[in-house]
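Let me begin by presenting the structure, written as structure tokens, before commenting on it.
In the working numbering, the protein residues as written are 933 to 1110.
Structure, rendered in structure tokens:
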């Protein structure tokens, strides 16, 4: 396994804006609205989902507005990471990667946006035995434990580590993403 401190997180954070990754500032704006009310509206959830995945965000519009508000309100109150991701993923158009973006919008110190690129980086760093393209709540828990450890051993927060891992894959990937 590659040692955590051999990854130049600062370098990859600097490269992140040149990737296709979402915009952390816009994510934070949505998170601020979420904190104000304790829930997301259907339009706010759509905006967040669109930041994370333009291909599947339109499915968010299939959710009843009240359901979006209630589910995001309950998720706001739950402490357990698995439960939060599982609950948010029950909404149409919200898979674990988008749910992770929702949690990151709320707390960059404890959460990061996960996706195929983050998993691939951790796979290439020997944290996982296989590559993966689809994620569930249990996968998020596996990833977030590793990323939180990386953050503890660095000068970066959990969200920044996630963005750096994304950029690392962009720079080092050979071949197509999928």
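Glycine residues also receive a C-beta, built at the ideal position from the N, C-alpha and C atoms.
Just so you know, these numbers come straight off a predicted model, no measurement behind them.
CA-CA distance, residue 998 to residue 1106, rounds to 44 Å. Rounded to the nearest whole angstrom, the C-alpha separation of residue 1083 and residue 1025 is 29 Å.
Contact annotation: the segment 1005-1014 does not touch the segment 980-987, with fewer than three C-beta pairs closer than 8 Å. Under the three-state reduction of DSSP output, residue 1105 falls in the coil class, being neither helix nor strand. Only residues of its own chain outside the window of five on either side were considered, and among them 941, 1044, 1079, 1082, 1083 and 1086 have a CB closer than 8 Å to the CB of residue 1093, listed in chain order. Residue 979 carries a helical assignment under DSSP once its states are collapsed to helix, strand and coil.
Take the alpha-carbon of residue 1023 and the one of residue 1061: they are about 30 Å apart.
Secondary structure at residue 1030: helix, using DSSP grouped into helix, strand and coil. Not a single unbroken stretch of the beta strand (DSSP E) spanning 3 or more residues falls wholly within the segment 968-1020. Taking a C-beta distance under 8 Å as the contact criterion, residue 1049 and residue 1098 qualify as a contact pair.
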